[in-house]
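Comments concern the structure below.
Protein chains: 2
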Amino acid sequence: MTHSEQHLLQPTPSAYTYPLLIKQLLLNSMSLHGDQEITYRGDMRYTYRDFNRRIAQLANTLTALDVRAGTTVAVMDWDSHRYLESYFGIPMMGATMFTVNVRLSPAQILYTLADADTEVLLVHTDFLPVIEQIRDQLPLLRHIVVLSDDGKLPEHKLALAGEYEALMAQAGTQYEFPELDENTKAVTFYTTGTTGDPKGVCYSHRHIVLHAMATALSVCSPGGSQRLSTADVYMPITPMFHVLGWGFPYITIMLGLRTVLPGRYLPEVLLKLRETEKVTFSHCVPTILQMLVSGAEKTGQDLSGWKVIIGGSALPPGLCEAALAKGMDVFAGYGMSETGPVVSLALTPARGAPATHADDLKLRCSTGRPSLMVDFRVVDEEMRDVPRDGVSRGEIVLRSPSLTPLYFKKPEASEELWRGGYLHTQDIAVMYPDGVVQIVDRLKDVIKTGGEWVSSIEVEGLITQVPGVQEAAVIGVPDAKWGERPMAFVVAAGDVDAKAVREHLLSHVQAKRLSAYAVPELERILFVGEIPKTSVGKVNKKQLRVDAPQAA
Amino acid sequence: MTHSEQHLLQPTPSAYTYPLLIKQLLLNSMSLHGDQEITYRGDMRYTYRDFNRRIAQLANTLTALDVRAGTTVAVMDWDSHRYLESYFGIPMMGATMFTVNVRLSPAQILYTLADADTEVLLVHTDFLPVIEQIRDQLPLLRHIVVLSDDGKLPEHKLALAGEYEALMAQAGTQYEFPELDENTKAVTFYTTGTTGDPKGVCYSHRHIVLHAMATALSVCSPGGSQRLSTADVYMPITPMFHVLGWGFPYITIMLGLRTVLPGRYLPEVLLKLRETEKVTFSHCVPTILQMLVSGAEKTGQDLSGWKVIIGGSALPPGLCEAALAKGMDVFAGYGMSETGPVVSLALTPARGAPATHADDLKLRCSTGRPSLMVDFRVVDEEMRDVPRDGVSRGEIVLRSPSLTPLYFKKPEASEELWRGGYLHTQDIAVMYPDGVVQIVDRLKDVIKTGGEWVSSIEVEGLITQVPGVQEAAVIGVPDAKWGERPMAFVVAAGDVDAKAVREHLLSHVQAKRLSAYAVPELERILFVGEIPKTSVGKVNKKQLRVDAPQAA
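Just so you know, the protein sequences line up as chains L and Y, in that order. Under the working numbering, the first residue of the first sequence carries the number 3, and numbering increases by one thereafter. Under the working numbering, the first residue of the second sequence carries the number 3, and numbering increases by one thereafter.
As structure tokens, then:
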């Protein structure tokens, strides 16, 4: 026995050493909430008990398809009960669930399916045409199981293992899920960066369990503003293929919440489900929030009591105001594909609750306060913490129990991500004395003009406050004199012009809330029909840089 | 690379693999709640920032006393800020904190100090006389540091390393706490069983962190009845030497709560602090609750808004009613020294909240619902789950991330505790269909009469409902005809006699809520001045069995 081993607790041989496994997230739910309900689109309904039985049936189904420990099983589906079953059943077997981004191009989907060593694919009928195109380039792919909403199969040329429900019906309802090492790879998916090949992010059982516990506690505990409890009704509006639905399906199943799976994200369907199913807790990107608010404004629907975490990109203050006016309780969360994802939440705590509406709005739209267990730093290039003064800028770097330890098969990118032992987010932020963080830009989106840094996000936020503006995106464009100058792309919803936008920005300059060099020239404020988006709904600034008029 | 290793996530070399360590419980608090207050008895006050600095000073102080990784540092103190500093500073160094039960006899204290290999002792002046008696029998003990409330030292013959505050004043305020293995032994203390030598229970950093997260979430999340949030003010009333204050000092510091450390537990001091410091969250044993309720009844003090978890022994319905009448929000929790301790809580959730006062009372006084992540079973002697029918009895056996993996230096007792891979509690319980558990007895306290089992706890609960009864304890006494018969010891607070007690029990027999053979004969209902207690305030049934009149 070495000196250091002496201080470790060596359990008695019979003692059960408790690895952190996804199956344990079900323990409490199944004991206390077995009759709780899960519904798919309000049509199909079953209980947690049924859900638990079907997880076993899925494991038996996959075992019959020779899925073993370490096999990659890919899923292509809209948000459904089948997806939720996969979230548990696949990793609980010891296999790896790969949540395929169905919005990628067929070429990218092929790349990711191949890169992830996919052997079995569960695919919704809507995506069969994509798979038909690429099937013969996936030699490792052994079995395709079809997910069908009506039990019918469209025409196709694929060799199939069968239809999901038909296979499940033949499968046994008991399965002894193994005691895995908690560091076993549980899920993988691909970052949808705007440059380079998609990169595979991986999480273990331990990562997922600790993310669920720490994030749930961070949402549950702030005093006087409890945003999540067992009385809530949950509906995801971040696709389950996108960073594990931000981890919330694991959290809400752990807590035993009634769960509404909406299928495809059609605003009218989402708004109807929210009403008929009495949904109280969701999460989505600003683009979806915009659609929900617009939809409710058209119908006059009241959205009171709907708590919605906004992430993916910054929550524009104008949109936040519109959502609050509809009765929604919206606030930002922050994270990335690589970070679990949630690492901070813009929750209002009882102590130090904002005194004014403006402060409340500012907090709700901020990057938020670090979650429990997250070592959240804003550092300069020498990894020194910048002052917490709300002005000094630095990069957000992180440690937490839930960060991806690597990019799959990409050792160099992995080392770059983790240089110095902290995960580098490439997000530039300031920190306020009370610990609230505000991202001011992406490292690559910061505009450098005349030696000064301009935050594209800050200017975008101000432009969305101009009456008649629906959306705005700001990029840096080359400028002979200043190096770069900001250029704004604006989508109008009402009567607004470039002059009104510029005057609003200048009023903030006069009030010393914005630097003069951050205001685009009149000819660099362009009105457009729409702003290009990436596959997950983020503004595609790479595309905007290509599209930008060079003469402007 | 073996087959099984392939499925484990091997982080990129630079990636920070995040061990679960006590120091991480401070991350969020120090970032967001640095100005939060900790007070000792309402006299001394400092901020979390001061607390953090003093943890570093404590580590430097102990380093100067040659405390190293693995060194056992024992603490003998009332609940104080110094104790709280020890909770963090000692294990964060890699040393082991031993929380000495100051209510044990000098011989038992000697036994536990020696058994734990204590090298350094922090001891309050009140306990110096005890240490004087046993000092020369502790050859491993190298240093004694005195904790003094007034900076003065009473007369004594001991060689001392110094007084805590004097040593702290000389210590540096920076300390680089090491990155430990999460399985490093962090704390130890001794079970105060009524038979045999005390047994040392051990917890690692991982045990403590996971207990804090799972228990906090279990208290925070039940819908509509949130019992703990960052807006609460915390005062422990379970001694910090007793099962780590049931783990709550770690939880409340993690969440950033204002913290009131009351020193000794004098009812009038506790009631005063609760009022002046606006305490909203505590935990205590029934005996202390009884003192608090009686004290408030005398002064007419209203205790509304005080949420108090009751553990250590069953919460008697009569006492629960009295506490509710004073405005307290009391409910039971369950656990043991060996279990972290909290494994279940008798919280009212929004869904399925009790409809009637009687049902509410029954739930509050129950063993509760299993906490998150706890595999909580009630099993027969062949380890089969008993039916969840509220009638079938079995032993509670457990797995959770926070159970002691062993008794220190006691391999046989450790194996017995963990036989079959589950921790055996020796508590006999029933489980209801909704997952609520009710302990009906200790394995050794069950009364076997005429081949039937009688729950001593059930009879005790009914007796405490009789007007004029303050407390009751029931044991089995030998009986020639029936093998055993129940005998009740009753403490009267008003006008009550054995006949009234028996009639009350018989009314429950008539209502079919109690078996006839569970009612003691009139001559086996004895009124006594007090009921003997163990050092932690539990009824000492072993003593009662010795005291019981043999003729009765």
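Note that beta-carbon positions come from the ideal geometry of N, C-alpha and C, so glycine has one too.
Self-check item: Below-8 angstroms beta-carbon distance, Ala71 of chain Y vs any chain L residue
Solution: The residue labelled residue 71 of chain Y in the question sits at position 69 within the second sequence. With 8 angstroms as the cut-off, Ala71 of chain Y counts as an interface residue toward chain L.
Item to complete: Scan the segment 144-218 of chain L and note each continuous alpha helix (DSSP H) run of 4 residues or more that stays entirely inside, going in chain order.
Response: 166-172
Please report whether the beta-carbon of Tyr424 of chain L lies at a distance below 8 angstroms from any beta-carbon of chain Y.
Locating residue 424 of chain L in the first sequence gives position 422, where the first residue counts as 1. Closer than 8 angstroms: yes.
For Val439 of chain Y versus Ser368 of chain Y, is the C-beta distance shorter than 8 angstroms? As a working mapping, residue 439 of chain Y is identified with position 437 in the second sequence. As a working mapping, residue 368 of chain Y is identified with position 366 in the second sequence. A contact, by the Cβ cut-off of 8 angstroms.
Can you find a CB in chain L that lies within less than 8 angstroms of the CB of Thr65 of chain Y?
If you number the second sequence from 1, residue 65 of chain Y lands on position 63. Chain L, which has no Cβ nearer than 8 angstroms to the Cβ of Thr65 of chain Y, makes this no.
Review point. Quick check: the segment 423-443 of chain Y against the segment 295-313 of chain Y, are there 3 or more CB pairs under 8 angstroms?
Key: no
Quiz item: With C-beta atoms as the reference, is Ala17 of chain Y less than 8 angstroms away from Trp420 of chain L?
Solution: Locating residue 17 of chain Y in the second sequence gives position 15, counting from the first residue. Locating residue 420 of chain L in the first sequence gives position 418, counting from the first residue. Yes. Within cutoff.
What does the alpha-carbon distance come out to for the pair Glu383 of chain Y and Gly392 of chain Y? The residue given as residue 383 of chain Y occupies position 381 in the second sequence. The residue given as residue 392 of chain Y occupies position 390 in the second sequence. Roughly 18 angstroms between the two C-alpha positions.
Worksheet entry | Supposed contact pair Lys328 of chain L and Asp362 of chain L - C-beta distance, whole angstroms, cut 8 angstroms | The count along the first sequence starts at 1 and reaches residue 362 of chain L at position 360. The count along the first sequence starts at 1 and reaches residue 328 of chain L at position 326. About 16 angstroms; that fails the 8 angstroms criterion.
**Item:** Selected residue, minimal CA-CA separation from Ser82 of chain L, among L:Ala109, L:Ala116 and L:Ile239
**Value:** In the first sequence, residue 82 of chain L corresponds to position 80, counting from 1. Measuring from the Cα of Ser82 of chain L, the nearest candidate turns out to be L:Ile239.
For this session: Under the assumption that Val262 of chain Y contacts Met237 of chain Y (Cβ atoms under 8 angstroms), give the Cβ distance between them as a whole number of angstroms.
Result: One-based indexing of the second sequence puts residue 262 of chain Y at position 260. One-based indexing of the second sequence puts residue 237 of chain Y at position 235. Indeed, because the Cβ distance is near 4 angstroms, the residues count as touching under 8 angstroms.
Mind listing, in chain order, the continuous alpha helix (DSSP H) runs of no fewer than 4 residues lying wholly within the segment 65-105 of chain L?
83-95
### beta strand (DSSP E) runs contained entirely in the segment 271-296 of chain Y, provided each spans 3 or more residues
283-286
Trp248 of chain L, DSSP secondary structure in three states: Counting from one through the first sequence, the residue named residue 248 of chain L turns up at place 246. Residue state, collapsed to three classes: helix.
inquiry  = Quick check on Glu7 of chain L: buried or exposed, where buried means 16 or more other Cβ atoms within 10 Å of its Cβ?
reply    = In the first sequence, counting from the first residue as 1, residue 7 of chain L sits at position 5. For Glu7 of chain L, the pLDDT reaches just 46, beneath the cut-off of 50, and the residue's location in the model is therefore unreliable, although a value from the coordinates is still provided. The residue is exposed, with fewer than 16 neighbouring Cβ atoms inside 10 Å.
**OP:** Tell me, please, whether the CB atom of Thr4 of chain L is closer than 8 angstroms to any CB atom in chain Y?
**Re:** Translated into positions along the first sequence, residue 4 of chain L becomes position 2. Unreliable positioning characterises Thr4 of chain L in this predicted model, as indicated by a pLDDT of 41, which lies under 50. The coordinate reading is nonetheless provided below. No, Thr4 of chain L does not count as interfacial toward chain Y.
For this session: Using the Cα positions of Thr4 of chain Y and Leu230 of chain Y, report the straight-line distance between them to the nearest angstrom.
Result: By 1-based counting over the second sequence, the position of residue 4 of chain Y is 2. By 1-based counting over the second sequence, the position of residue 230 of chain Y is 228. For Thr4 of chain Y, the predicted model reports a pLDDT of 42, less than 50, meaning its position is unreliable; a value from the coordinates is still stated below. Their Cα atoms are separated by approximately 47 angstroms.
For Leu516 of chain L, write down the residues that DSSP places opposite it in a beta bridge. In the first sequence, the residue the question calls residue 516 of chain L occupies position 514. Paired residues: none, contrary to the question.
Apart from the five residues just before and just after Ala554 of chain L, which ones in its own chain have a Cβ nearer than 8 angstroms to its Cβ? For this step, residue 554 of chain L is matched to residue 552 along the first sequence. At Ala554 of chain L the pLDDT is 44, less than 50, meaning the model places this residue with poor confidence; the figure from the coordinates comes in the next sentence. Cβ neighbours of Ala554 of chain L beyond the five flanking positions: Val479, Met489, Glu525, Arg526 and Leu528.
query = Can you check whether the CB of Met338 of chain Y is closer than 8 angstroms to the CB of Asn30 of chain Y?
reply = As a first step, residue 30 of chain Y must be located in the second sequence, where it is residue number 28. As a first step, residue 338 of chain Y must be located in the second sequence, where it is residue number 336. It is not a contact, given that the beta carbons lie outside the stated cut-off.
Quick check: the Cα distance between Tyr166 of chain L and Asp79 of chain L, rounded to an integer number of angstroms? As a position in the first sequence, residue 166 of chain L is number 164, starting the count at 1. As a position in the first sequence, residue 79 of chain L is number 77, starting the count at 1. Between Tyr166 of chain L and Asp79 of chain L, the C-alpha separation is close to 12 angstroms.
TODO: Given a cut-off of 8 angstroms, decide if Val471 of chain Y and Ala494 of chain Y are closer than it, judged by their beta-carbon atoms.
DONE: By one-based count along the second sequence, residue 494 of chain Y stands at place 492. By one-based count along the second sequence, residue 471 of chain Y stands at place 469. Yes, the Cβ-Cβ distance between Ala494 of chain Y and Val471 of chain Y is below 8 angstroms.
- Item | Per-residue DSSP class, three states only, for Gly422 of chain L | Here the question's residue 422 of chain L lines up with position 420 in the first sequence. Gly422 of chain L falls in the helix class under three-state DSSP.
TODO: Return the bridge partner residues of Ser346 of chain L from the DSSP annotation.
DONE: Position 344 of the first sequence holds residue 346 of chain L. Per DSSP, L:Tyr336 and L:Pro372.
Tell me, to the nearest whole angstrom, how far the beta carbon of Gly96 of chain Y is from that of Leu182 of chain Y; I am working on the premise that it is less than 8 angstroms. Sequence index remark: in the second sequence, residue 96 of chain Y carries index 94 (1-based). Sequence index remark: in the second sequence, residue 182 of chain Y carries index 180 (1-based). Rounded, the Cβ-Cβ distance is 5 angstroms, consistent with contact.
Element boundaries [alpha helix (DSSP H), containing Ala360 of chain Y] = Position 358 of the second sequence holds residue 360 of chain Y. From DSSP, the alpha helix (DSSP H) with Ala360 of chain Y extends over His359 to Arg366.
Review point. Excluding the five sequence neighbours on either side, which residues of its own chain have a C-beta within less than 8 angstroms of the C-beta of Pro403 of chain Y, listed in chain order?
Key: Walking along the second sequence from the start, residue 403 of chain Y turns up at place 401. Excluding positions up to five away in sequence, the list reads Arg208, His209, Leu212, His213, Ala216 and Met375.
Next on the checklist: Quick test of your reading: Arg407 of chain Y and Thr19 of chain L, contact by CB under 8 angstroms. State the CB separation rounded to the nearest angstrom.
Outcome noted: Position 405 of the second sequence, counting from 1, holds the residue named residue 407 of chain Y. Position 17 of the first sequence, counting from 1, holds the residue named residue 19 of chain L. Rather than Arg, the amino acid found at residue 407 of chain Y in this sequence is Pro. Right, their Cβ atoms sit about 7 angstroms apart.
TODO: Within its chain, find whatever has a CB closer than 6 angstroms to the CB of Arg56 of chain L; leave out the 5 residues flanking it on each side and keep chain order.
DONE: For this step, residue 56 of chain L is matched to residue 54 along the first sequence. Answer for Arg56 of chain L: Glu87, listed in chain order.
Where the alpha helix (DSSP H) containing Thr466 of chain L begins and where it ends: Residue 466 of chain L sits at position 464 when you count from the first residue of the first sequence. Here the alpha helix (DSSP H) through Thr466 of chain L covers Ser458 to Thr466.
Quick check: the segment 101-120 of chain L against the segment 146-153 of chain L, are there 3 or more CB pairs under 8 angstroms?
no
TODO: Rounded to whole angstroms, what's the CA-CA distance from Val567 of chain Y to Val295 of chain Y? Just pull it up for me.
DONE: Nothing can be reported for residue 567 of chain Y: it is not among the residues displayed for chain Y, which extend from 3 to 554.
**Item:** Contacting residues, own chain, Cβ-Cβ under 8 angstroms from Arg51 of chain Y (five flanking each side not counted)
**Value:** Here residue 51 of chain Y refers to the residue found at position 49 when the second sequence is read from its first residue. The residues are Met32, Gly36 and Asp37.
### Query
When Cβ atoms are compared, which residues of the segment 383-411 of chain L fall closer than 7 angstroms to chain Y?
Arg401, Ser402, Pro403, Pro407 and Leu408
Can you round the beta-carbon distance between Val122 of chain Y and Thr73 of chain Y to whole angstroms, since I take them to be within the 8 angstroms contact cut?
As a first step, residue 122 of chain Y must be located in the second sequence, where it is residue number 120. As a first step, residue 73 of chain Y must be located in the second sequence, where it is residue number 71. With a Cβ gap of about 7 angstroms, Val122 of chain Y and Thr73 of chain Y count as contacting.
TODO: Using a cut-off of 7 angstroms between C-beta atoms, extract the partners of Thr14 of chain L located in chain Y.
DONE: One-based indexing of the first sequence puts residue 14 of chain L at position 12. Going along chain Y in sequence order, the residues near Thr14 of chain L (Cβ under 7 angstroms) are Pro407, Leu408, Pro413, Ser416, Glu417 and Trp420.
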